[in-house]
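K.L.:
This note's numbering puts the sequence shown at residues 57 to 388. Backbone N, C-alpha and C fix where the C-beta goes; we use that ideal spot for every residue, glycine too.
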Amino acid sequence: MWSKLFLILSVLVVCSSKTSANSEKPEYALVIHGGAGAITPDKLTPEQEKGIKSTLHKALTKGKSILENGGTSLDAVTATIMILENSPYFNAGRGAVFTSEGKNELDSSIMDGHTLNAGAVSGVTNIKNPITAARLVMEKSPHVMLQGPGAVAFAEKNGVETAPDKYFFTEKRWQSHKKGLKKKAANLPVPQNYKYGTVGAAAMDKHGNLVAGTSTGGMTNKSHGRVGDSPIIGAGTYANNNSCALSATGHGEYFIRHTVASRICLLVEIGGISLQEAADKVVMQQLVEAGGDGGIVAVDKSGEMALVFNSDGMYRGSVSSLQDAKVAIYKN
57 MWSKLFLILS VLVVCSSKTS ANSEKPEYAL VIHGGAGAIT PDKLTPEQEK
107 GIKSTLHKAL TKGKSILENG GTSLDAVTAT IMILENSPYF NAGRGAVFTS
157 EGKNELDSSI MDGHTLNAGA VSGVTNIKNP ITAARLVMEK SPHVMLQGPG
207 AVAFAEKNGV ETAPDKYFFT EKRWQSHKKG LKKKAANLPV PQNYKYGTVG
257 AAAMDKHGNL VAGTSTGGMT NKSHGRVGDS PIIGAGTYAN NNSCALSATG
307 HGEYFIRHTV ASRICLLVEI GGISLQEAAD KVVMQQLVEA GGDGGIVAVD
357 KSGEMALVFN SDGMYRGSVS SLQDAKVAIY KN
(Lines of atoms letter the chains of each structure in order from A and count residues from 1; the text may use other names and numbers.)
(Lines give C-alpha, C1' and ligand atoms only; values in the text may rest on other atoms or scores of the structure.)
Protein backbone atom coordinates (compact mmCIF):
# COMPACT_ATOMS: atom_id res chain seq x y z
CA MET A 1 0.00 0.00 0.00
CA TRP A 2 2.71 2.43 1.04
CA SER A 3 4.73 1.61 -2.07
CA LYS A 4 1.71 2.37 -4.25
CA LEU A 5 1.10 5.64 -2.41
CA PHE A 6 4.75 6.60 -2.81
CA LEU A 7 4.54 5.84 -6.54
CA ILE A 8 1.43 8.04 -6.95
CA LEU A 9 3.04 10.91 -5.06
CA SER A 10 6.19 10.58 -7.17
CA VAL A 11 4.16 10.80 -10.37
CA LEU A 12 2.31 13.86 -9.06
CA VAL A 13 5.57 15.60 -8.19
CA VAL A 14 7.04 14.86 -11.61
CA CYS A 15 3.92 16.10 -13.40
CA SER A 16 3.82 19.20 -11.23
CA SER A 17 7.46 20.01 -11.97
CA LYS A 18 6.88 19.55 -15.69
CA THR A 19 3.88 21.85 -15.63
CA SER A 20 5.83 24.45 -13.69
CA ALA A 21 8.76 24.26 -16.11
CA ASN A 22 6.50 24.48 -19.16
CA SER A 23 4.65 27.50 -17.78
CA GLU A 24 7.79 29.40 -16.82
CA LYS A 25 7.50 33.04 -17.80
CA PRO A 26 10.45 34.50 -19.68
CA GLU A 27 12.17 37.57 -18.24
CA TYR A 28 12.03 39.20 -21.67
CA ALA A 29 10.90 38.41 -25.19
CA LEU A 30 11.32 39.94 -28.64
CA VAL A 31 9.74 39.17 -32.01
CA ILE A 32 10.50 40.84 -35.34
CA HIS A 33 9.38 40.76 -38.96
CA GLY A 34 10.69 42.11 -42.25
CA GLY A 35 7.52 41.86 -44.29
CA ALA A 36 5.18 39.16 -45.57
CA GLY A 37 3.91 38.26 -49.02
CA ALA A 38 4.71 36.10 -52.03
CA ILE A 39 8.02 35.01 -50.54
CA THR A 40 9.04 31.62 -51.93
CA PRO A 41 12.46 29.98 -52.42
CA ASP A 42 12.45 30.74 -56.15
CA LYS A 43 12.19 34.47 -55.41
CA LEU A 44 15.52 34.67 -53.55
CA THR A 45 19.08 33.83 -54.49
CA PRO A 46 21.19 31.96 -51.93
CA GLU A 47 23.13 35.19 -51.33
CA GLN A 48 19.94 37.16 -50.70
CA GLU A 49 18.58 34.53 -48.35
CA LYS A 50 21.84 34.51 -46.40
CA GLY A 51 21.89 38.30 -46.20
CA ILE A 52 18.29 38.52 -45.02
CA LYS A 53 18.76 35.91 -42.31
CA SER A 54 22.00 37.56 -41.20
CA THR A 55 20.26 40.93 -40.86
CA LEU A 56 17.37 39.40 -38.91
CA HIS A 57 19.90 37.78 -36.56
CA LYS A 58 21.72 41.08 -36.17
CA ALA A 59 18.48 42.85 -35.27
CA LEU A 60 17.51 40.16 -32.74
CA THR A 61 20.98 40.25 -31.19
CA LYS A 62 20.79 44.01 -30.73
CA GLY A 63 17.35 43.88 -29.16
CA LYS A 64 18.28 40.94 -26.94
CA SER A 65 21.38 42.71 -25.61
CA ILE A 66 19.26 45.66 -24.52
CA LEU A 67 16.57 43.53 -22.87
CA GLU A 68 19.04 41.11 -21.29
CA ASN A 69 20.86 43.98 -19.60
CA GLY A 70 17.69 45.44 -18.11
CA GLY A 71 16.96 47.94 -20.87
CA THR A 72 13.44 48.97 -21.80
CA SER A 73 11.26 47.40 -24.45
CA LEU A 74 10.96 50.90 -25.93
CA ASP A 75 14.71 51.11 -26.53
CA ALA A 76 14.88 47.51 -27.74
CA VAL A 77 12.11 47.96 -30.31
CA THR A 78 13.57 51.25 -31.55
CA ALA A 79 17.10 49.88 -31.94
CA THR A 80 15.90 46.64 -33.54
CA ILE A 81 13.79 48.42 -36.13
CA MET A 82 16.61 50.85 -36.93
CA ILE A 83 18.79 47.93 -38.01
CA LEU A 84 16.05 46.66 -40.31
CA GLU A 85 15.46 50.18 -41.68
CA ASN A 86 19.16 50.48 -42.49
CA SER A 87 19.15 47.30 -44.56
CA PRO A 88 18.38 47.38 -48.31
CA TYR A 89 16.73 43.96 -48.02
CA PHE A 90 13.52 45.32 -46.50
CA ASN A 91 10.90 47.82 -47.60
CA ALA A 92 11.60 50.44 -44.95
CA GLY A 93 14.16 53.21 -44.65
CA ARG A 94 17.07 52.54 -46.99
CA GLY A 95 15.29 49.76 -48.89
CA ALA A 96 11.98 51.59 -49.30
CA VAL A 97 10.00 51.22 -52.50
CA PHE A 98 9.21 54.13 -54.83
CA THR A 99 5.88 55.89 -55.18
CA SER A 100 4.26 56.41 -58.57
CA GLU A 101 6.13 59.75 -58.71
CA GLY A 102 9.48 57.99 -58.14
CA LYS A 103 9.93 59.13 -54.52
CA ASN A 104 10.57 57.32 -51.25
CA GLU A 105 7.82 58.19 -48.77
CA LEU A 106 8.06 56.54 -45.38
CA ASP A 107 5.59 55.65 -42.62
CA SER A 108 6.25 54.50 -39.07
CA SER A 109 4.62 54.13 -35.66
CA ILE A 110 5.42 53.06 -32.12
CA MET A 111 3.29 52.43 -29.03
CA ASP A 112 4.10 52.05 -25.34
CA GLY A 113 1.86 49.50 -23.63
CA HIS A 114 2.59 50.88 -20.16
CA THR A 115 1.32 54.42 -20.81
CA LEU A 116 -0.69 53.78 -24.01
CA ASN A 117 1.18 56.72 -25.52
CA ALA A 118 1.87 56.39 -29.23
CA GLY A 119 3.58 58.26 -32.03
CA ALA A 120 3.49 57.99 -35.80
CA VAL A 121 4.69 59.70 -38.96
CA SER A 122 3.31 59.31 -42.46
CA GLY A 123 4.61 60.28 -45.88
CA VAL A 124 7.96 61.57 -44.64
CA THR A 125 11.03 61.94 -46.82
CA ASN A 126 14.75 62.02 -46.07
CA ILE A 127 14.34 60.74 -42.51
CA LYS A 128 17.05 58.07 -42.18
CA ASN A 129 15.19 56.12 -39.49
CA PRO A 130 11.46 56.87 -39.47
CA ILE A 131 10.98 54.91 -36.23
CA THR A 132 13.00 57.58 -34.43
CA ALA A 133 10.69 60.27 -35.81
CA ALA A 134 7.64 58.32 -34.65
CA ARG A 135 9.14 58.03 -31.18
CA LEU A 136 9.81 61.78 -31.11
CA VAL A 137 6.16 62.44 -31.91
CA MET A 138 5.18 60.21 -28.98
CA GLU A 139 7.64 61.70 -26.52
CA LYS A 140 7.89 65.35 -27.54
CA SER A 141 4.53 66.33 -28.97
CA PRO A 142 0.91 66.27 -27.77
CA HIS A 143 -0.09 64.41 -30.93
CA VAL A 144 -0.18 60.81 -32.08
CA MET A 145 0.50 61.30 -35.81
CA LEU A 146 2.23 63.92 -37.92
CA GLN A 147 2.23 63.78 -41.71
CA GLY A 148 4.36 64.91 -44.63
CA PRO A 149 6.39 68.13 -44.52
CA GLY A 150 5.06 68.98 -41.06
CA ALA A 151 6.34 65.68 -39.68
CA VAL A 152 9.73 66.19 -41.35
CA ALA A 153 10.04 69.72 -39.97
CA PHE A 154 9.16 68.52 -36.46
CA ALA A 155 11.65 65.67 -36.65
CA GLU A 156 14.46 67.87 -37.93
CA LYS A 157 13.75 70.46 -35.23
CA ASN A 158 14.21 67.71 -32.65
CA GLY A 159 17.50 66.52 -34.08
CA VAL A 160 16.51 63.45 -36.06
CA GLU A 161 19.13 62.18 -38.50
CA THR A 162 18.37 62.88 -42.16
CA ALA A 163 19.77 61.44 -45.38
CA PRO A 164 19.81 62.54 -49.05
CA ASP A 165 17.61 60.92 -51.69
CA LYS A 166 20.48 58.77 -52.96
CA TYR A 167 20.77 57.03 -49.58
CA PHE A 168 17.33 55.46 -50.04
CA PHE A 169 17.90 54.44 -53.67
CA THR A 170 18.35 50.75 -54.41
CA GLU A 171 18.50 49.36 -57.92
CA LYS A 172 16.14 46.50 -57.12
CA ARG A 173 13.40 48.87 -55.93
CA TRP A 174 13.95 51.19 -58.89
CA GLN A 175 13.54 48.34 -61.36
CA SER A 176 10.35 47.26 -59.58
CA HIS A 177 9.12 50.84 -59.87
CA LYS A 178 9.74 50.93 -63.63
CA LYS A 179 8.17 47.50 -64.21
CA GLY A 180 5.15 48.57 -62.19
CA LEU A 181 4.70 51.71 -64.27
CA LYS A 182 4.82 49.67 -67.48
CA LYS A 183 2.21 47.25 -66.17
CA LYS A 184 0.01 50.11 -65.06
CA ALA A 185 0.28 51.77 -68.47
CA ALA A 186 -0.66 48.48 -70.16
CA ASN A 187 -3.54 47.91 -67.69
CA LEU A 188 -1.92 44.70 -66.49
CA PRO A 189 -2.45 43.37 -62.93
CA VAL A 190 0.13 44.34 -60.33
CA PRO A 191 2.02 41.34 -58.87
CA GLN A 192 1.17 40.47 -55.28
CA ASN A 193 4.66 41.21 -53.99
CA TYR A 194 4.41 44.78 -55.30
CA LYS A 195 1.70 45.50 -52.78
CA TYR A 196 3.50 45.60 -49.49
CA GLY A 197 6.53 45.12 -47.30
CA THR A 198 7.19 46.29 -43.79
CA VAL A 199 9.48 45.84 -40.81
CA GLY A 200 8.41 45.70 -37.20
CA ALA A 201 9.09 44.48 -33.70
CA ALA A 202 7.30 43.80 -30.43
CA ALA A 203 8.94 43.26 -27.06
CA MET A 204 8.41 42.62 -23.36
CA ASP A 205 11.16 43.81 -21.01
CA LYS A 206 12.14 42.66 -17.52
CA HIS A 207 9.73 45.19 -16.04
CA GLY A 208 6.84 43.54 -17.88
CA ASN A 209 6.29 46.52 -20.18
CA LEU A 210 5.19 45.89 -23.76
CA VAL A 211 6.08 47.98 -26.81
CA ALA A 212 5.47 47.55 -30.54
CA GLY A 213 6.72 49.46 -33.57
CA THR A 214 6.36 49.27 -37.34
CA SER A 215 8.07 50.98 -40.29
CA THR A 216 7.50 50.83 -44.06
CA GLY A 217 7.98 52.37 -47.46
CA GLY A 218 4.43 51.37 -48.40
CA MET A 219 3.29 49.95 -51.72
CA THR A 220 5.38 50.06 -54.85
CA ASN A 221 4.01 52.86 -57.07
CA LYS A 222 1.44 53.82 -54.46
CA SER A 223 -0.83 56.72 -55.33
CA HIS A 224 0.03 60.20 -54.11
CA GLY A 225 -1.17 60.58 -50.52
CA ARG A 226 -1.86 56.88 -49.93
CA VAL A 227 -1.42 55.80 -46.29
CA GLY A 228 -1.36 52.16 -45.25
CA ASP A 229 -1.78 50.48 -41.89
CA SER A 230 1.79 50.79 -40.59
CA PRO A 231 1.44 54.28 -39.05
CA ILE A 232 -2.11 53.68 -37.84
CA ILE A 233 -2.40 52.72 -34.18
CA GLY A 234 -4.75 49.76 -33.84
CA ALA A 235 -4.29 48.62 -37.43
CA GLY A 236 -0.58 48.00 -37.98
CA THR A 237 0.73 48.65 -34.47
CA TYR A 238 -0.69 48.24 -30.97
CA ALA A 239 0.57 47.69 -27.42
CA ASN A 240 -1.18 47.41 -24.08
CA ASN A 241 0.32 45.92 -20.91
CA ASN A 242 -3.06 44.32 -20.20
CA SER A 243 -2.88 42.19 -23.33
CA CYS A 244 -0.14 42.25 -25.95
CA ALA A 245 2.20 44.19 -28.23
CA LEU A 246 1.85 43.59 -31.96
CA SER A 247 3.29 44.69 -35.30
CA ALA A 248 1.57 43.78 -38.56
CA THR A 249 2.61 43.43 -42.17
CA GLY A 250 0.46 42.85 -45.22
CA HIS A 251 -2.06 44.49 -47.53
CA GLY A 252 -2.69 47.55 -45.40
CA GLU A 253 -6.21 48.33 -46.50
CA TYR A 254 -7.45 45.07 -45.01
CA PHE A 255 -5.51 45.57 -41.80
CA ILE A 256 -7.08 49.01 -41.44
CA ARG A 257 -10.63 47.83 -42.15
CA HIS A 258 -10.34 45.01 -39.64
CA THR A 259 -8.25 46.90 -37.03
CA VAL A 260 -6.06 43.82 -36.90
CA ALA A 261 -3.52 44.87 -34.27
CA SER A 262 -5.96 46.08 -31.63
CA ARG A 263 -8.48 43.32 -32.40
CA ILE A 264 -6.01 40.57 -31.59
CA CYS A 265 -4.99 42.26 -28.34
CA LEU A 266 -8.62 42.80 -27.36
CA LEU A 267 -9.38 39.13 -27.95
CA VAL A 268 -6.57 38.32 -25.52
CA GLU A 269 -7.67 40.87 -22.91
CA ILE A 270 -11.45 40.58 -23.10
CA GLY A 271 -12.01 37.34 -24.97
CA GLY A 272 -9.87 35.37 -22.55
CA ILE A 273 -8.11 33.33 -25.23
CA SER A 274 -4.39 32.83 -25.78
CA LEU A 275 -2.32 35.09 -28.01
CA GLN A 276 -1.81 32.26 -30.50
CA GLU A 277 -5.54 31.54 -30.66
CA ALA A 278 -6.36 35.23 -31.11
CA ALA A 279 -3.79 35.67 -33.88
CA ASP A 280 -4.97 32.54 -35.68
CA LYS A 281 -8.59 33.67 -35.48
CA VAL A 282 -7.90 37.10 -36.99
CA VAL A 283 -5.05 36.38 -39.43
CA MET A 284 -5.87 32.85 -40.52
CA GLN A 285 -9.65 33.13 -40.48
CA GLN A 286 -11.10 36.64 -40.59
CA LEU A 287 -8.46 38.15 -42.88
CA VAL A 288 -8.54 35.16 -45.22
CA GLU A 289 -12.33 35.34 -45.46
CA ALA A 290 -12.07 39.05 -46.27
CA GLY A 291 -9.44 38.45 -48.96
CA GLY A 292 -6.54 40.06 -47.11
CA ASP A 293 -3.13 38.51 -46.68
CA GLY A 294 -0.11 39.19 -44.51
CA GLY A 295 0.94 38.45 -40.97
CA ILE A 296 1.76 39.61 -37.47
CA VAL A 297 4.38 39.22 -34.77
CA ALA A 298 3.31 39.69 -31.17
CA VAL A 299 4.22 39.23 -27.52
CA ASP A 300 1.68 39.05 -24.70
CA LYS A 301 1.98 40.09 -21.07
CA SER A 302 3.16 36.63 -20.04
CA GLY A 303 5.92 36.60 -22.64
CA GLU A 304 4.15 34.25 -25.05
CA MET A 305 5.26 34.94 -28.62
CA ALA A 306 3.24 34.52 -31.81
CA LEU A 307 4.41 34.78 -35.42
CA VAL A 308 1.43 34.15 -37.70
CA PHE A 309 0.95 34.74 -41.42
CA ASN A 310 -1.39 33.53 -44.17
CA SER A 311 0.89 34.40 -47.10
CA ASP A 312 3.61 32.31 -48.76
CA GLY A 313 6.26 33.61 -46.40
CA MET A 314 7.24 36.19 -43.81
CA TYR A 315 10.72 37.35 -42.84
CA ARG A 316 10.63 36.78 -39.10
CA GLY A 317 12.54 36.06 -35.92
CA SER A 318 12.16 35.59 -32.19
CA VAL A 319 14.24 35.43 -29.04
CA SER A 320 13.61 35.37 -25.30
CA SER A 321 15.35 34.64 -22.03
CA LEU A 322 14.18 31.05 -22.49
CA GLN A 323 14.81 30.69 -26.23
CA ASP A 324 17.81 31.28 -28.46
CA ALA A 325 17.38 33.51 -31.49
CA LYS A 326 15.45 31.89 -34.35
CA VAL A 327 14.87 33.30 -37.83
CA ALA A 328 12.83 32.01 -40.76
CA ILE A 329 11.54 33.10 -44.14
CA TYR A 330 9.25 30.56 -45.75
CA LYS A 331 6.01 28.96 -44.66
CA ASN A 332 7.68 25.69 -43.64
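What residues are listed by DSSP as bridge partners for Gly269?
P.N.:
Answer by DSSP bridge pairing, in chain order: Ile166 and Ala257.
K.L.:
Using three-state DSSP, classify His263 as helix, strand or coil.
P.N.:
Three-state result, His263: coil.
K.L.:
Check each candidate in Ala241, Asn185, Ala291 and Val364 and name the one with the smallest Cα separation from Val216.
P.N.:
The candidate whose alpha carbon is nearest that of Val216 is Asn185.
K.L.:
Just tell me which of Asn388, Ile385, Lys387 and Asp380 has its CA closest to the CA of Glu124.
P.N.:
Measuring from the Cα of Glu124, the nearest candidate turns out to be Asp380.
K.L.:
Take every Cβ of the region 187-196, pair it with every Cβ of the region 155-173, and state whether three or more of those distances are shorter than 8 Å.
P.N.:
The region 187-196, when compared against the region 155-173, does touch it at the 8 Å Cβ threshold.
K.L.:
Look up Ile385 in the DSSP assignment and say whether it is helix, strand or coil.
P.N.:
If DSSP states are grouped into helix, strand and coil, Ile385 belongs with the strands.
K.L.:
So which of Ser178, Glu325 and Asp349 has the shortest CA-CA distance to Ala207?
P.N.:
Minimum Cα distance to Ala207 is reached at Ser178.
K.L.:
Enumerate in chain order the residues of its own chain whose CB-to-CB distance from Asn366 is below 8 Å, with the five nearest sequence positions on each side excluded.
P.N.:
Val339, Met340, Leu343, Val344, Asp349, Gly350 and Gly351, listed in sequence order.
K.L.:
According to DSSP, simplified to helix, strand and coil, what is Gly179?
P.N.:
The answer is strand: DSSP assigns Gly179 an E or B state.
K.L.:
Counting C-beta neighbours from all protein chains within 10 Å, is the total for Ser271 16 or more, i.e. buried, or is it exposed?
P.N.:
With 16 or more Cβ atoms within 10 Å of its Cβ, Ser271 is classed as buried.
K.L.:
Tell me which residues share the same chain as Ile183 and place their Cβ nearer than 7 Å to its Cβ, disregarding the 5 neighbours each side in the sequence.
P.N.:
Hits under 7 Å: Leu162, Ala189, Val208, Ala211, Val216 and Thr218.
K.L.:
Where does the unbroken beta strand (DSSP E) through Tyr294 begin, and where does it stop?
P.N.:
Its beta strand (DSSP E) spans residues Thr293 to Ala295.
K.L.:
Got a sec, what are the start and stop residues for the alpha helix (DSSP H) Asp131 sits in?
P.N.:
Ser129 to Glu141 is the span of the alpha helix (DSSP H), which, as asked, contains Asp131.
K.L.:
Cα separation between Gly328 and Ala148?
P.N.:
Roughly 34 Å between the two C-alpha positions.
K.L.:
Taking all protein chains shown into account, do 16 or more other C-beta atoms lie within 10 angstroms of the C-beta of Glu141, making it buried, or fewer, making it exposed?
P.N.:
It counts as buried.
K.L.:
Could you tell me if Ser286 is buried or exposed, where buried requires 16 or more neighbouring beta carbons within 10 angstroms of its beta carbon?
P.N.:
Classification for Ser286: buried.
K.L.:
Taking all protein chains shown into account, do 16 or more other C-beta atoms lie within 10 angstroms of the C-beta of Gly369, making it buried, or fewer, making it exposed?
P.N.:
Buried, since its Cβ has 16 or more Cβ neighbours within 10 Å.
K.L.:
To the nearest angstrom, report how far apart His307 and Gly91 are at their CA atoms.
P.N.:
Spanning the two alpha carbons is a distance of roughly 10 Å.
K.L.:
May I have the straight-line CA-CA distance separating Ala362 from Ala354, to the nearest angstrom?
P.N.:
Rounded to whole angstroms, Ala362 to Ala354 spans 5 Å at the Cα level.
K.L.:
Find out if the Cβ-Cβ distance for the pair Ile144, Lys228 is shorter than 9 Å.
P.N.:
Sequence check: residue 144 is Pro here, not Ile. Yes. Within cutoff.
K.L.:
Using DSSP's beta-bridge definition, name the partner residues of Ile49.
P.N.:
With the chain covering 57 to 388 only, the question about residue 49 has no answer from this structure.
K.L.:
Which value, in whole angstroms, describes the spacing of the CA atoms of Glu103 and Gly253?
P.N.:
One C-alpha to the other measures close to 20 Å.
K.L.:
Can the beta-carbon of Leu302 be found less than 9 Å from the beta-carbon of Thr315?
P.N.:
Their beta carbons are not under 9 Å apart, which means Leu302 does not touch Thr315 by this criterion.
K.L.:
One question on the structure: do Ala241 and Leu202 come within less than 9 Å of each other, judged by their Cβ atoms?
P.N.:
No, the pair does not count as a contact, with Cβ atoms beyond the cut-off.
K.L.:
Alpha carbon to alpha carbon, how far is Lys74 from Lys238?
P.N.:
In this predicted model, Lys74 has a pLDDT of only 35, less than 50, meaning its place in the structure is not dependable enough to derive any value.
K.L.:
Quick one: grab the DSSP three-state call for Gly206.
P.N.:
DSSP places Gly206 in helix when its eight states are reduced to three.
K.L.:
My guess is that Val364 and Ala335 are in contact by the Cβ rule of under 8 Å, so how many angstroms apart are they, rounded?
P.N.:
That pair is a contact at about 4 Å.
K.L.:
To the nearest angstrom, how far is it from the Cα of Ile326 to the Cα of Gly273?
P.N.:
Their Cα atoms are separated by approximately 33 Å.
K.L.:
Quick one: what's Met201 bridged to in DSSP?
P.N.:
Answer is Ala176.
K.L.:
Once DSSP output is grouped into helix, strand and coil, what is the label at Pro221?
P.N.:
The amino acid occupying residue 221 in the given sequence is Asp; Pro does not appear at that position. Helix, per DSSP.
K.L.:
Could you compute how far the alpha carbon of Glu333 sits from the alpha carbon of Thr226?
P.N.:
Computed Cα separation, rounded: 39 Å.
K.L.:
Which residue wins for smallest C-alpha separation from Tyr223, given the options Gly169, Ala152 and Lys262?
P.N.:
For Tyr223, the nearest C-alpha among the options comes from Ala152.
K.L.:
Taking 7 Å as the limit between beta carbons, can you name the residues of its chain near His170, skipping five residues before and five after?
P.N.:
Same-chain partners within the cutoff: Asn265 and Asn297.
K.L.:
Hey, how far is the Cα of Thr181 from the Cα of Ser358?
P.N.:
Going by the C-alpha atoms only, they are around 38 Å apart.
K.L.:
Glu83 to Ser279, Cα distance in whole Å?
P.N.:
Glu83 and Ser279: Cα-Cα distance of roughly 44 Å.
K.L.:
Taking the alpha carbon of Glu360 as the reference point, which residue from Trp230, Arg150, Asn160 and Met260 has its own alpha carbon closest?
P.N.:
It is Met260.
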